[in-house]
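**Student:** Residue numbers (the working numbering), protein chains in the order written: chain A, 15 to 354; chain B, 15 to 354; chain C, 15 to 354.
Following this message is one structure expressed as structure tokens.
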Amino acid sequence: MMKSVATLGSHCALQLLKGANDEKLNTILICEKRRERLYKRFNFIDKIILVDSFNEILKKEYSKKLDNSILIPHGTLISQLSSNEIESINIPIFGNKWILRWESDRIKKEKLLKKANIPTPKRILTPSQICKLSIIKRDGAAGGAGYFLASNEMEYKKKLSNLINKKTINKNDKLYIQEYISGVLVYLQYFYSPTKNELEFLGIDQRHESNIDGLSRIPASNQNKINKELTFNVIGNSPMVLRESLLDEVYSIGERFIEASKKLVNPGIIGPFCIEGVYDSNANFTAFEFSARIVAGTNVYINGSPYSALLYNENMSMGRRIAKEIRESISNDNLSKIIS
Amino acid sequence: MMKSVATLGSHCALQLLKGANDEKLNTILICEKRRERLYKRFNFIDKIILVDSFNEILKKEYSKKLDNSILIPHGTLISQLSSNEIESINIPIFGNKWILRWESDRIKKEKLLKKANIPTPKRILTPSQICKLSIIKRDGAAGGAGYFLASNEMEYKKKLSNLINKKTINKNDKLYIQEYISGVLVYLQYFYSPTKNELEFLGIDQRHESNIDGLSRIPASNQNKINKELTFNVIGNSPMVLRESLLDEVYSIGERFIEASKKLVNPGIIGPFCIEGVYDSNANFTAFEFSARIVAGTNVYINGSPYSALLYNENMSMGRRIAKEIRESISNDNLSKIIS
Amino acid sequence: MMKSVATLGSHCALQLLKGANDEKLNTILICEKRRERLYKRFNFIDKIILVDSFNEILKKEYSKKLDNSILIPHGTLISQLSSNEIESINIPIFGNKWILRWESDRIKKEKLLKKANIPTPKRILTPSQICKLSIIKRDGAAGGAGYFLASNEMEYKKKLSNLINKKTINKNDKLYIQEYISGVLVYLQYFYSPTKNELEFLGIDQRHESNIDGLSRIPASNQNKINKELTFNVIGNSPMVLRESLLDEVYSIGERFIEASKKLVNPGIIGPFCIEGVYDSNANFTAFEFSARIVAGTNVYINGSPYSALLYNENMSMGRRIAKEIRESISNDNLSKIIS
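So, in structure tokens, the structure goes:
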């Protein structure tokens, strides 16, 4: 009988395993040797399996070591393994593992957002077409490192060559240019329970990125040198709530995402997901990304969020919500509905 | 016997009704039909009364439908109904409904702050007198949309005409020009219990406004186009605590506000209010606004705040604090002291 | 028998005494008369000792008044008393009082960080050597008031003379010039228990400083006047979490700090400390300060933090953690290990 949850030691592992422990599930951490000292500090982790590198979990022996376990995917799984590798994992994965490919591929990502009728920034096809402030991104979940801004082709070329020189970007990296929309950035954290067919909105976070965050403390007249090196490396997150009048649309966006995912990636999204976007000066929302699994920004709410407090009388983190779904599915004998 | 609380479905309705439910009061939501789907998700709402538009509550039949209820006013009531309309509502209103007029009218607002001896930014009487950075605001609680910055008359005219073209501002809107004070913005959340004659300081929030918040992530050299369209549309809020050495003055500001309100708008402020201002580089406080009712920034603390934890052993949101006051006033038979 | 904790009325006194009360210790506040009204509001303070000024605690009579008490030091003790005075206090002090001198003296501070092998910003020895963006700081824990930025000697001289004219800086103040590193600023909050030889990472906060924080909301083209008056006066704090992949290094930094402190300031750090620094665009950490006692940023977590929730099932503020250490040391009869 399934009764353990396992996850990779990074990203939101502490939240996930603490939540699983709160829900009385066994907890297993797949941990790089160099990180063992960190994770040994936490007594809600029942078992640590040491690996040299995370792709060891692809080996056959691991499906045995992780017998009776469900693997919770997060950003580290996606950044360390290819979509093909993830799909070939022999351990039951919480959620729909096929949708992770749609997160990693920018063209698929845009397709899913469009199918959900969620506005996205205009895509700019070549550097020569940059005519207003744009953001340039690499493929994959690299946490924003190497992203940069440019207002025209010349600035694009200058900054790109600087980032290639500094080896932040590889000459062969696939780049993706989006219109930059300025406003309030939000990371909308959802949980969809396919067993109850219910969507829950559990929280919002803001991201802190280096060194773009530091720009705000440098007077215009001193920005010269800094400007050349601006990038968006995610360092942390902080909490936020949204104007209540925007909440109905937030739920609607989430529901459209669920519907679109059911059409494009059977059986559709399961469990946590995140829509990442910006509210412009007219309070209109544009999504520039989604994550089809738990995001690290939920770590802000290990204690519960203002929104989870409206739904639960306990401190319900996203990690605990996942564990609760697993525990209840085991009880109700419909675990197959939430794993892949 | 009064035992239900009712409120309009927006702004901080979820917090208010969750808090009332925690205090074992019945909860009623007056809800626009288009928002029914949102509010039906929350099981702490006992009854939803659907309306086409919020001003229906002015109709006689509603005083019957809301028999035995107390209406909690919030920002949506103020932005959707005129002061005259609010004062004519036939349902008992929590707090002093006459003071809401003082919030809506900028001249009255300035008068009350001055009476309380709370420093306010210098008012600038005509655009030609703008000689340093100033902020231009419209009347009413429009959540900051259409506010703009200007350093001189020319910039004022240029930006105003741009905002009129975009229909963010109406040609006939009354505008109010204030000296702009730069520093750390704070929204100080108070609760005054007239039955106990006690002031409680329950939290501080920061506001996130679009697209002014986005400015901080745009290098000076790329700001050209964005600059023309900067405004202050409130999107959300996040938590904050204040240097403890500033706390004594924070309480003193609150007490002076209570005293001034008693002199100017009998019987004075009742329940929640908020003083909104800025700490400059010398840590001196200047108030640019107040709200004479619960503010949406309290949604940050649905779980309780660091300051409420100093006063209560339960998670005490502002919404729950209001409900507690009502429940205790019912028990002690002095409800008349807290409604109008 | 020791069973009371005492502290000065400012900085984080409310958190400290609330935490002590939660741990069933008696609480004593040493309070300036002008602040009595504030602190009388909180019923977890068992006794208030009024003073005209905090240095009265150096008088002999106070060692009697505070019989059976342990004094918890915080930033106000350090800013109001000299290192010599602090070391001469006749009341048992929680932690290692000799290390406070290492916090106050910038040369000693740099030495301890270097001993711990924690990267620090390059020190710039004379204004003429300023060749890129630098920050200029005064000695002591003045909360950032009078700090300023300069990119070259001319800018340094201009801004300094402006701040001297405004009396924010004294002509004789010792100034310290550091390379300015732009990125995400973090204040890492640790607790070290010497009785258990265990390090706990309990939270991270961000600081809000005036008027540098206000800069982010002023377009480049309007910054002229503001720029001259930028400084870093701490007004408040807000919560944050860190990318989990950075957490192992965070613990390692804390452990190296503990080891270095044991070598340089016998018996080393005891209880709370804070490493204050910045993550640059490569997510590399540089520490620009440390505090060898509880920091005010812990006030963000009076309710507990996401990190304390991983370690404790109760809401564990830093103040409560200190009280817990004292209570347990009293029980185990090894109080001498945690006081000086």
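Beta carbons: idealized from backbone N, C-alpha and C, even for Gly.
In this text, all values refer to a predicted model and were calculated from it rather than measured experimentally.
Taking the DSSP output, what are the residues bridged to H222 of chain A?
**Tutor:** Answer is A:G250.
**Student:** Short check: CB of D262 of chain A to CB of R341 of chain B, under 8 Å?
**Tutor:** Against a cut-off of 8 Å, the Cβ pair of R341 of chain B and D262 of chain A comes out as no contact.
**Student:** When the distance is taken between beta carbons, is L324 of chain C closer than 8 Å to I316 of chain A?
**Tutor:** Contact: yes.
**Student:** Less than 6 Å between C-beta atoms, sequence neighbours within five positions excluded: which residues of the same chain meet that for Y201 of chain C?
**Tutor:** Closer than 6 Å at the Cβ level, and outside the excluded window around Y201 of chain C, lie D219, C288, E290 and G311.
**Student:** Do D60 of chain B and I84 of chain B have their C-beta atoms within less than 8 Å of each other?
**Tutor:** No. Outside cutoff.
**Student:** Taking the beta strand (DSSP E) that V65 of chain A belongs to, which residues open and close that run?
**Tutor:** Element bounds for V65 of chain A: K61 to V65.
**Student:** Is the separation between the beta-carbon of V255 of chain A and that of V314 of chain B shorter than 8 Å?
**Tutor:** Yes, Cβ-Cβ distance for V255 of chain A and V314 of chain B is below 8 Å.
**Student:** If you follow the alpha helix (DSSP H) that F58 of chain A is part of, which residue opens it and which one closes it?
**Tutor:** Taken as a continuous stretch (DSSP letters only), F58 of chain A belongs to no alpha helix (DSSP H), as it is neither H nor E.
**Student:** So that I know if they touch, is there some Cβ in chain B lying closer than 8 Å to that of Y293 of chain A?
**Tutor:** Yes - at least one Cβ of chain B is within 8 Å of the one on Y293 of chain A.
**Student:** For S18 of chain B, report the span of its beta strand (DSSP E) as first-last.
**Tutor:** Run containing S18 of chain B: S18 to L22, per the beta strand (DSSP E) assignment.
**Student:** On a Cα-Cα basis, can you pick out the residue from A:I240, A:Q203 and A:K185 that is closest to K146 of chain C?
**Tutor:** Checked all of A:I240, A:Q203 and A:K185; the closest Cα to K146 of chain C is A:I240.
**Student:** From what residue to what residue does the alpha helix (DSSP H) around N264 of chain B run?
**Tutor:** Per the sequence shown, residue 264 of chain B should be read as Val rather than Asn. From DSSP, the alpha helix (DSSP H) with V264 of chain B extends over L261 to L278.
**Student:** When the Cα of L213 of chain A is compared with those of A:K73, A:S322 and A:V65, which residue comes out closest?
**Tutor:** Comparing Cα positions, the closest option is A:S322.
**Student:** Which residues in chain A sit within 7 Å of K146 of chain C, going by Cβ to Cβ distance?
**Tutor:** The contacting residues are K239.
**Student:** DSSP on V200 of chain B, reduced to helix/strand/coil?
**Tutor:** It is a strand residue.
**Student:** At a Cβ threshold of 8 Å, is D262 of chain B touching chain C?
**Tutor:** Chain C contact via Cβ: present.
**Student:** For I267 of chain A versus P208 of chain A, is the C-beta distance shorter than 8 Å?
**Tutor:** Their beta carbons are not under 8 Å apart, which means I267 of chain A does not touch P208 of chain A by this criterion.
**Student:** If we ignore side chains and look at the alpha-carbon of each, how far apart do I71 of chain A and N348 of chain A end up?
**Tutor:** So the two alpha carbons sit approximately 26 Å from each other.
**Student:** Tell me which same chain residues have a C-beta within less than 7 Å of the C-beta of E223 of chain A, skipping the five on either side of it?
**Tutor:** Around E223 of chain A: G158, F246, N247, V248 and I249.
**Student:** What residue does the alpha helix (DSSP H) around E167 of chain C start on, and which one ends it?
**Tutor:** Where E167 of chain C is concerned, the enclosing alpha helix (DSSP H) stretches over E167 to N179.
**Student:** Short of 7 Å in beta carbon distance, which residues of its chain neighbour N110 of chain A, apart from the five on each side in sequence? Order them along the chain.
**Tutor:** These residues qualify, in order along the chain: V279, P281, G282, I283, I284 and S354.
**Student:** Bridge partners for Y321 of chain B per DSSP, in chain order?
**Tutor:** Bridge partners of Y321 of chain B: none, in fact.
**Student:** Listing by chain order, which chain C residues have their CB less than 7 Å from the CB of R257 of chain B?
**Tutor:** Within 7 Å Cβ-Cβ: V248, I249, G250 and A310.
**Student:** Kindly list the residues whose CB is nearer than 6 Å to the CB of G217 of chain B, restricted to its own chain and excluding five residues on each side of it in sequence; keep chain order.
**Tutor:** Excluding sequence neighbours, G217 of chain B sits near Q203, Y315, S319 and Y321.
**Student:** Assign Q237 of chain C to one of three DSSP states: helix, strand, or coil.
**Tutor:** Residue state, collapsed to three classes: coil.
**Student:** Using the beta-carbon of each residue, which ones in chain C are nearer than 7 Å to I226 of chain B?
**Tutor:** By Cβ distance, chain C contributes R231.
**Student:** With a CB to CB cut of under 7 Å and the five nearest residues on each side skipped, what residues in its chain are close to Y53 of chain C?
**Tutor:** Around Y53 of chain C: G23, L43, C45, I59 and I62.
**Student:** Can you pull the chain B residues whose beta carbon is under 8 Å from the beta carbon of G197 of chain A, in chain order?
**Tutor:** By Cβ distance, chain B contributes S224, N225, D227, G228 and I249.
**Student:** Which residues mark the beginning and the end of the alpha helix (DSSP H) in which Y76 of chain A is found?
**Tutor:** That run of the alpha helix (DSSP H) goes K74 to K79.
**Student:** Between the alpha carbons of E167 of chain A and L189 of chain A, how many angstroms are there, rounded?
**Tutor:** Near 14 Å, if we compare the C-alpha coordinates of L189 of chain A and E167 of chain A.
**Student:** Please report the distance separating the alpha-carbon of S343 of chain C from that of F215 of chain C.
**Tutor:** If I take the Cα positions, the gap works out to 20 Å.
**Student:** Taking its Cβ as the centre, do 16 or more other Cβ atoms sit within 10 Å of T140 of chain B, making it buried, or is it exposed?
**Tutor:** It is exposed - the Cβ of T140 of chain B has fewer than 16 other Cβ atoms within 10 Å.
**Student:** How would you call S148 of chain B, buried or exposed, if buried means at least 16 neighbouring beta carbons within 10 angstroms?
**Tutor:** So S148 of chain B counts as buried.
**Student:** Assuming the contact rule is C-beta atoms closer than 8 Å, K136 of chain C and E193 of chain C should be a hit. Round their C-beta distance to whole Å, please.
**Tutor:** 4 Å between Cβ atoms; contact.
**Student:** Would you verify that the beta carbon of S165 of chain A is, or is not, closer than 8 Å to some beta carbon of chain B?
**Tutor:** Output row for S165 of chain A: interface = yes.
**Student:** Rounded to whole angstroms, how far is the Cβ of E101 of chain B from the Cβ of W112 of chain B, which I believe are closer than 8 Å?
**Tutor:** Sure, about 7 Å apart at Cβ, within 8 Å.
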